[in-house]
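Colleague: Following UniProt numbering, the numbering of the sequence shown begins with 1 at its first residue and continues without gaps.
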Amino acid sequence: VEERGGRPSCTEVRSVAHLACPEGRGVSLVQVQIHTGRRHQIRAHLAAVGHALVGDSAYGAGAPPNWCMRTFLHASELGIDSGGGARLEVQAPLPPELGAALAAL
């Protein structure tokens, strides 16, 4: 996705599951890896290809539905090069409210 005056960015997206939400609409659970760290990169790139995040009112999916009370976005893994060849990696489980949203599908 290129924006006039914007800096280049790269996002890899892999589909994990296709689900039906209570409203009858289809949604996809995806795994995303970013290769650059731009503000709102994931949100902007997915919206640009017509797949905005559930509950993301800023990028086009509208207000959160009643089965998901927030934007469905979670950083499950984060890796940072800490210098000298060392890498710091952390993992975080899915928060309960997002787990409940998945269970509703």
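Beta carbons: idealized from backbone N, C-alpha and C, even for Gly.
Which of the three DSSP states, helix, strand or coil, is assigned to Gly26?
Modeller: As a position in the sequence shown, residue 26 is number 26, starting the count at 1. It is a strand residue.
Colleague: Should the segment 36–44 be called in touch with the segment 5–14, which here means at least 3 C-beta pairs below 8 angstroms?
Modeller: Touching, per the Cβ criterion.
Colleague: Just to confirm my understanding: we take Leu53, look at its own chain, exclude 5 residues before and 5 after, and list those with CB closer than 8 angstroms. What are they?
Modeller: For this step, residue 53 is matched to residue 53 along the sequence shown. Ile42, Arg43, Leu46, Ala47, Tyr59, Ala61, Thr71, Phe72, Leu73.
Colleague: Quickly, what does DSSP pair Thr11 with across the bridge? List them, please.
Modeller: Taking the first residue of the sequence shown as position 1, residue 11 is located at position 11. Looking at the DSSP assignment, Thr11 forms a beta bridge with Ile34.
Colleague: According to DSSP, Arg87 sits in a beta bridge with which residue or residues?
Modeller: Here residue 87 is taken as the residue at index 87 of the sequence shown, counted from 1. DSSP output for Arg87 lists Asp81 as bridge partner(s).
Colleague: Using only the alpha-carbon positions, how far apart do Ala104 and Pro22 sit?
Modeller: Locating residue 104 in the sequence shown gives position 104, where the first residue counts as 1. Locating residue 22 in the sequence shown gives position 22, where the first residue counts as 1. Straight-line Cα distance between these residues: approximately 8 angstroms.
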